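Numbering (our numbering), first residue to last: 597 to 947. Positions of the beta carbon are idealized from the N, C-alpha and C atoms, including for glycine. Given the structure is predicted, the values throughout are model-derived calculations rather than measurements.
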Amino acid sequence: MGSSVEQNILVTGGAGFIGTHTVVQLLKEGFKVSIIDNLDNSVIEAVDRVRELVGPDLSKKLEFNLGDLRNKGDIEKLFSKQRFDAVIHFAGLKAVGESVGNPRRYFDNNLLGTINLYETMAKYNCKMMVFSSSATVYGQPEKIPCMEDFELKAMNPYGRTKLFLEEIARDIHTAEPEWRIVLLRYFNPVGAHESGRIGEDPKGIPNNLMPYIQQVAVGRLPELNVYGHDYPTKDGSAVRDYIHVMDLADGHIAALRKLFADPKIGCTAYNLGTGQGTSVLEMVSAFEKASGKKIPIKLCPRRSGDATAVYASTEKAEKELGWKAMYGVDEMCRDQWNWANNNPWGYQKKL
Ligand code: NAD
Ligand code: WQD
Numbered sequence: 597m598g599s600s601v602e603q604n605i606l607v608t609g610g611a612g613f614i615g616t617h618t619v620v621q622l623l624k625e626g627f628k629v630s631i632i633d634n635l636d637n638s639v640i641e642a643v644d645r646v647r648e649l650v651g652p653d654l655s656k657k658l659e660f661n662l663g664d665l666r667n668k669g670d671i672e673k674l675f676s677k678q679r680f681d682a683v684i685h686f687a688g689l690k691a692v693g694e695s696v697g698n699p700r701r702y703f704d705n706n707l708l709g710t711i712n713l714y715e716t717m718a719k720y721n722c723k724m725m726v727f728s729s730s731a732t733v734y735g736q737p738e739k740i741p742c743m744e745d746f747e748l749k750a751m752n753p754y755g756r757t758k759l760f761l762e763e764i765a766r767d768i769h770t771a772e773p774e775w776r777i778v779l780l781r782y783f784n785p786v787g788a789h790e791s792g793r794i795g796e797d798p799k800g801i802p803n804n805l806m807p808y809i810q811q812v813a814v815g816r817l818p819e820l821n822v823y824g825h826d827y828p829t830k831d832g833s834a835v836r837d838y839i840h841v842m843d844l845a846d847g848h849i850a851a852l853r854k855l856f857a858d859p860k861i862g863c864t865a866y867n868l869g870t871g872q873g874t875s876v877l878e879m880v881s882a883f884e885k886a887s888g889k890k891i892p893i894k895l896c897p898r899r900s901g902d903a904t905a906v907y908a909s910t911e912k913a914e915k916e917l918g919w920k921a922m923y924g925v926d927e928m929c930r931d932q933w934n935w936a937n938n939n940p941w942g943y944q945k946k947l
C-alpha cells in the first residue's frame, strides 16, 4: 500500500540500527526520505546497503545528509531547501553505562539535539513527529505487562533523557495543540533485515544481550556473562520483551499513518513490544537452535539497575495504530544469525 501523495519524511539517526530498517520500509511504502546523521554510532556503508536493498529506483528517493542535531545550522540547511511532512526522530546516544559516567554528553546530545530539532520544525511549520522513546521510562515496573499510563521514572541519565524528552513533547503539545507527536516506547529491539545485509553493529564490546550473543557465536567473544540467575522467574534469569526490528520498522509506518490521519492524536505514547516475556537463558537456547552454535555461558551476579521482568501491554498499539508484532523469538534469532554469519565483523570489511 504505497501512499497516494508522496510524503517527504526527515529521519534523524537514519544510518543507525533501527533507522536503516525503518528507512527500507518507508521507501518501499512510497515515502521520500532524507536522513540526517552525524555517523557517531553508524557508518555510511549501512546507508549504501539500504540503497542496494531497495534498488536504484527507490534509492533516488533517499537523500543522506551528514549533520549533527547539536548544530542548529545543520538542521536549518535541510528545512530551508525542502518541505518535510513529518520527522521520525531516532538520533540519540543510547548506552546506559556510558550515560552514567558521562551524563553531560547525554544531556547535550539527546536533549539539546532534540530541542534544536523542535525549534527548526516550528520555524518551518512542520509539526508532526514520531519520537524514539523506550521502555526504560517505566524504570523497574511494579506490575507487568507495562501499560502506557503507568507512572514513569528513570533509573539512569540515558533513561532521564528519554523521560525528559517525553515531558518536553507533552509540554510542546499543551502549549501548541496543533503539534501531533507519537512517542514510541520500544522494548528490546533485536534481529535484522531478512536479507542479512543490514543489522546492528555496535562499536566496541556490546552492552546489550543479542549483539553480545551474536559476537560469541562468531568467535569474537569467548562466552556470554549471564547477569543474574536468582531472579524470581521461570529459570532464574531476567525476562524481557524482545521485538524484531522489522516489526519495529513497520510500527513507525503505522505511527506515521496515524499522525497524518488523526488530527486528534495530540501527543500520545504507544508501547512497541510483542507482549511476550523471554528469559536470558531462553534467548540463548533459541539462538543456539537458530545458529547451530553452542553459546558458552558464565552465570554472574545481577547487573546493577536491571529489572526482573519487563514486557509490554500491546493493546493500545493494536487498537489505535492497527499494528501488531508478527515475528517471534525464533525468527528474531534466525535473522540475527543470518546477519552475523554473513557479516561477522559488522559493516567492517575486515579487522
Ligand atoms: P543507533 O545508535 O544505531 O542509531 C542512532 C543514530 O543516531 C546513529 O546513527 C547515530 O550516529 C545518530 N546520532 C546520534 N546523535 C546524533 C546527533 N546529535 N546528530 C545526528 N545524528 C546523531 O541506535 P538505535 O538502536 O537505532 O536507536 C535509535 C533510537 O531508538 C535512539 O534514540 C535510542 O535511544 C532509541 N531506542 C533504542 C533501543 C535499542 O535497544 N536499540 C531501545 C529503545 C529506544
Ligand atoms: C537484556 C537482559 C541483562 C547483556 C536496554 C536499555 C533500555 C533499552 C533496551 C534503549 C538483561 C541480560 C545482557 C549481557 C546478560 N535501550 N544480559 N548479559 O537492559 O533490558 O535494556 O536496552 O532505550 O533502555 O537499558 O537490555 O539487552 O542490555 O539486557 O545477561 O552480556 O540480558 O542483564 O536481563 P535491557 P539488554
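Cα-Cα separation, residue i to residue j
i    : j    : result
H848 : V876 : 27 Å
C896 : P741 : 26 Å
W941 : N934 : 13 Å
L713 : A905 : 34 Å
R679 : K799 : 34 Å
N821 : P802 : 12 Å
S599 : L665 : Unreliable positioning characterises S599 in this predicted model, as indicated by a pLDDT of 45, which lies under 50. The coordinate reading is nonetheless provided below. S599 and L665: Cα-Cα distance of roughly 28 Å.
L779 : L852 : 11 Å
D704 : G888 : 43 Å
G615 : T608 : 8 Å
A750 : R899 : 16 Å
V812 : I839 : 21 Å
D826 : P892 : 19 Å
P737 : E747 : 9 Å
N604 : L658 : 10 Å
A936 : L844 : 20 Å
K890 : D653 : 42 Å
A865 : H617 : 21 Å
A642 : E694 : 24 Å
K719 : T910 : 35 Å
T732 : K758 : 8 Å
R836 : A913 : 18 Å
L868 : W919 : 9 Å
T874 : P785 : 13 Å
G697 : G901 : 14 Å
Sheet register partners of residue i (DSSP bridge)
i    : result
R836 : T874
S630 : L606, E659
C722 : Per DSSP, none; premise fails for C722.
F883 : In DSSP, F883 forms no bridge with anything.
L895 : V822
F727 : H685, L779
V786 : H840
Inter-residue CB distance, residue i and residue j (contact presumed, cutoff 8 Å)
i    : j    : result
L689 : F760 : That pair is no contact at about 14 Å.
Q872 : Y907 : 7 Å
V631 : I671 : Reading off the sequence, residue 631 comes out as Ile, not Val. Their Cβ separation, rounded to whole angstroms, is 13 Å, which puts I631 and I671 out of contact at 8 Å.
C863 : R781 : With a Cβ gap of about 13 Å, C863 and R781 do not count as contacting.
D931 : E790 : 6 Å
F660 : G612 : So it is not a contact: roughly 13 Å between Cβ atoms.
S655 : R647 : 4 Å
N- and C-terminal bounds of the alpha helix (DSSP H) containing residue i
i    : result
I849 : 841 to 857
K673 : 668 to 677
S638 : Here S638 belongs to no alpha helix (DSSP H), and DSSP marks it neither H nor E.
L622 : 613 to 624
L761 : 753 to 771
Y808 : 805 to 813
Y702 : 699 to 702
Reference residue i, options the options, closest by Cα
i    : options                : result
V650 : K673, F627, V620, L635 : V620
P859 : V696, H769, G626       : H769
I861 : Y808, S791, V726       : V726
A886 : Q944, D636, M806, K912 : M806
V880 : Y823, N867, N721       : Y823
R700 : N661, R756, Q944       : R756
E762 : S728, V786, P753, L658 : S728
T710 : V696, N667, E747, T870 : N667
E927 : K894, K890, T870, G901 : T870
A903 : G735, G918, A882, G669 : G735
T716 : K915, K673, Q810       : K673
V683 : K677, K624, C722       : C722
Y943 : I794, T829, P753, L623 : I794
W775 : E602, M724, F883       : M724
M842 : K624, S676, L606       : K624
Beta strand (DSSP E) segment containing residue i, residue limits
i    : result
N821 : 820 to 823
D931 : Here D931 belongs to no beta strand (DSSP E); instead the alpha helix (DSSP H) covers 925 to 938.
V683 : 682 to 685
R776 : 776 to 782
C863 : 863 to 868
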